Amino acid sequence: MWRRPDRRGWAVCLTALLIVLGMVVSGCSGGSDKRPRSAPSSDGGNASETVVTNAALGRVRGPLGRAKSDAVLTGVTKVVDAWIDAAYGGDYPRTDFKAGFGAFTPQARRLAVKQSTVMTNAEVGAGLTGVELTRRKVLVDVLSVGRRARGATARVWIEMRLAGKTTRTDLVTGRLLLTPTKQGWTVFGFDVRRGKGGAS
Amino acid sequence: MRKVARVLVLGLVLAVTALVVPDSTPAPTEFTLVKLDRARGVDVDPDVVWILAVGADTRPGEDPLHSRGDALQMVGIDTRTGAATAIGIPRDSWVPIPGHGSNRVNASLFFGGPKLLGRTVGNLLGVQPDYVMLATFSGLARLISSIGGITVDNPRAFSDAHLNPRGWKAGRIRINGMRAVEFARVRKSLPRGDFDRSANQQRVIRGIQRKIAANADRPGWIEGGVLSVLAHLKTQGVSPTELFRIAQAIAQVDQRRISTCVVQGGIGNINGASVVLPNVALARRYGADARHDATIKRC
Chain F
0 MWRRPDRRGW AVCLTALLIV LGMVVSGCSG GSDKRPRSAP SSDGGNASET VVTNAALGRV
60 RGPLGRAKSD AVLTGVTKVV DAWIDAAYGG DYPRTDFKAG FGAFTPQARR LAVKQSTVMT
120 NAEVGAGLTG VELTRRKVLV DVLSVGRRAR GATARVWIEM RLAGKTTRTD LVTGRLLLTP
180 TKQGWTVFGF DVRRGKGGAS
Chain D
747 MRKVARVLVL GLVLAVTALV VPDSTPAPTE FTLVKLDRAR GVDVDPDVVW ILAVGADTRP
807 GEDPLHSRGD ALQMVGIDTR TGAATAIGIP RDSWVPIPGH GSNRVNASLF FGGPKLLGRT
867 VGNLLGVQPD YVMLATFSGL ARLISSIGGI TVDNPRAFSD AHLNPRGWKA GRIRINGMRA
927 VEFARVRKSL PRGDFDRSAN QQRVIRGIQR KIAANADRPG WIEGGVLSVL AHLKTQGVSP
987 TELFRIAQAI AQVDQRRIST CVVQGGIGNI NGASVVLPNV ALARRYGADA RHDATIKRC
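Okay, here's the thing in structure tokens:
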């Protein structure tokens, strides 16, 4: 049975909500101190440090053998890695981030460049001394028809620590949408969110 | 006694100060409020994709590609902005059919299949479809079931003595399977007949889109949906890869940027049959408004 709370009840509820919200948000921010930290590279202090991508197959819809599934995973991860490395990794300070969209279709590239605040570190790149990619995870869902891969969704999870004028921990999550072409897997769309965390 | 009181007050002030005034070392971050920015976009050629969505009431053994389309909706999606529009064409609209004189618009499917239907509707609106997607009512019902039903905003309660005597309530309602298809089929009990039915079809399309968008980030959901479409809808000449791109474009449609209009017209009688005489100028205006950005500012 549910009763409408009185004013004190509302205050308690609100406090509880804020606490839960805070726990959830801070849990999602990637700001956990339990993970080992490493400072940006000391060779000139301007190169990014990186971690190996944790890549795995997600859901494969439609019949596709193990070998072909693994080939999709390899091909898609290669494209996603190229984007992550060029869009968020690399040397700093810098202002040119277009190299990250080499495997994007021309229209997808234009759309991504327009939204480079999320899709790259362009907004803050000039003032950074380094970026440490602390986590990169890719799960690849595959559409298979007639035992051939026809499309794929790469679900990505990227955590990074920015150092320099801007010092914070960011989390980039979302999806890259890909189709196979003669040149390999190509990104034709994306739906990506970026959480700009507090100072780390 | 006064001394004791002073000590107590001083102690209280110190305690409050210790709690309120921060110390010199930064406290660990216990709460973080993160602002989320979003980037999205899909490259589907052309930038504004036009899909003529057709619902056909075919009976077992009938070829849906040469039946009479009962529900006709021209859907445009601007893949750059996420805007979308649906232009409803009343089934009984009396229009010129290339090579076949004039007839009800849905007869063009019977005469020349999806391509002729596409041309006929395209000529009426002044915008030609890039795709014609044909669904039998049973196929559409299975498709809606496969995505777990939909939610529609129903502006009025209505019923149908044959299809659903208990009727549909006004407001936001959940409908599923054949009941969702019937929601889009009822005409006689609606005050403006064919025009209101067409608007209900648009509500079903909105409901399907809303469901797709809400589930797009579930693992493998879009991929499974494409397989379901391939199983239940007629998608002649459309590759699975194209369908995958279209599905992703539909998923990225922005609910706030959807506009829907129904081509209006008068009721006429031709050769003893009741037909809709569409307002061609209005139909063309809808097409012209939406051609470049899939947006109609006013119906």
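Residue numbers (the working numbering), protein chains in the order written: chain F, 0 to 199; chain D, 747 to 1045. Even glycine gets a Cβ: it sits at the ideal position worked out from N, Cα and C. Computed from a predicted model, the values in this text were never measured in an experiment.
Beta-carbon gap between residue i and residue j smaller than 8 Å
| i | j | result |
| --- | --- | --- |
| V137 (chain F) | V79 (chain F) | yes |
| G822 (chain D) | A1036 (chain D) | yes |
| P860 (chain D) | M820 (chain D) | no |
| T133 (chain F) | Y91 (chain F) | no |
| S944 (chain D) | P836 (chain D) | yes |
| R61 (chain F) | L142 (chain F) | Arg is not the amino acid found at residue 61 (chain F); the sequence shown has Gly there. Result yes, Cβ atoms of G61 (chain F) and L142 (chain F) sit closer than 8 Å. |
| A799 (chain D) | I951 (chain D) | yes |
| A930 (chain D) | N946 (chain D) | yes |
| T168 (chain F) | G196 (chain F) | yes |
| F96 (chain F) | T116 (chain F) | no |
| W184 (chain F) | A102 (chain F) | yes |
| K980 (chain D) | L880 (chain D) | yes |
| V139 (chain F) | A121 (chain F) | no |
Min CB distance residue i to chain F below 8 Å
| i | result |
| --- | --- |
| I968 (chain D) | yes |
| A785 (chain D) | yes |
| V788 (chain D) | yes |
| Q994 (chain D) | yes |
| D816 (chain D) | no |
| D991 (chain D) | The sequence as given places Arg at residue 991 (chain D); Asp does not occur at that position. Yes, R991 (chain D) counts as interfacial toward chain F. |
| V972 (chain D) | yes |
| P965 (chain D) | yes |
| L976 (chain D) | yes |
| R1002 (chain D) | no |
CA-to-CA distance, residue j to residue i, given in whole angstroms
| i | j | result |
| --- | --- | --- |
| T165 (chain F) | G145 (chain F) | 49 Å |
| R888 (chain D) | R1002 (chain D) | 28 Å |
| L871 (chain D) | G126 (chain F) | 53 Å |
| A151 (chain F) | N900 (chain D) | 36 Å |
| L862 (chain D) | V171 (chain F) | 47 Å |
| A55 (chain F) | G787 (chain D) | 25 Å |
| K181 (chain F) | G966 (chain D) | 24 Å |
| A962 (chain D) | F941 (chain D) | 32 Å |
| Q106 (chain F) | E131 (chain F) | 30 Å |
| V841 (chain D) | V186 (chain F) | 42 Å |
| S974 (chain D) | A162 (chain F) | 47 Å |
| E988 (chain D) | R193 (chain F) | 29 Å |
Cβ-based burial, residue i [other Cβ within 10 Å; buried from 16]
| i | result |
| --- | --- |
| Q998 (chain D) | buried |
| K957 (chain D) | buried |
| H908 (chain D) | exposed |
| V238 (chain F) | Nothing about residue 238 (chain F) can be reported from this structure: the residues present for chain F run from 0 to 199 only. |
| P986 (chain D) | buried |
| H1038 (chain D) | exposed |
| E969 (chain D) | buried |
Neighbour flag for residue i against chain D, beta carbons, 8 Å
| i | result |
| --- | --- |
| Q182 (chain F) | no |
| D190 (chain F) | yes |
| A66 (chain F) | no |
| R58 (chain F) | yes |
| T52 (chain F) | no |
| L110 (chain F) | yes |
| L72 (chain F) | no |
| R193 (chain F) | yes |
Listed from N- to C-terminal order along the chain, which residues in the stretch 115–149 of chain F have their beta-carbon within a distance smaller than 9 Å of any beta-carbon of chain D? S115, T116, V117, M118, L138, D140, V141, L142, S143, V144, G145, R147 and R149
What residues from the stretch 74–88 of chain F come within 8 Å of chain D, judged by C-beta to C-beta, listed N to C? none
Within 7 Å of chain F by C-beta, residues of the stretch 825–849 of chain D in sequence order: R826
Positions along the stretch 148–162 of chain F whose CB lies within less than 9 Å of some CB in chain D: R149, G150, A151, T152 and R154
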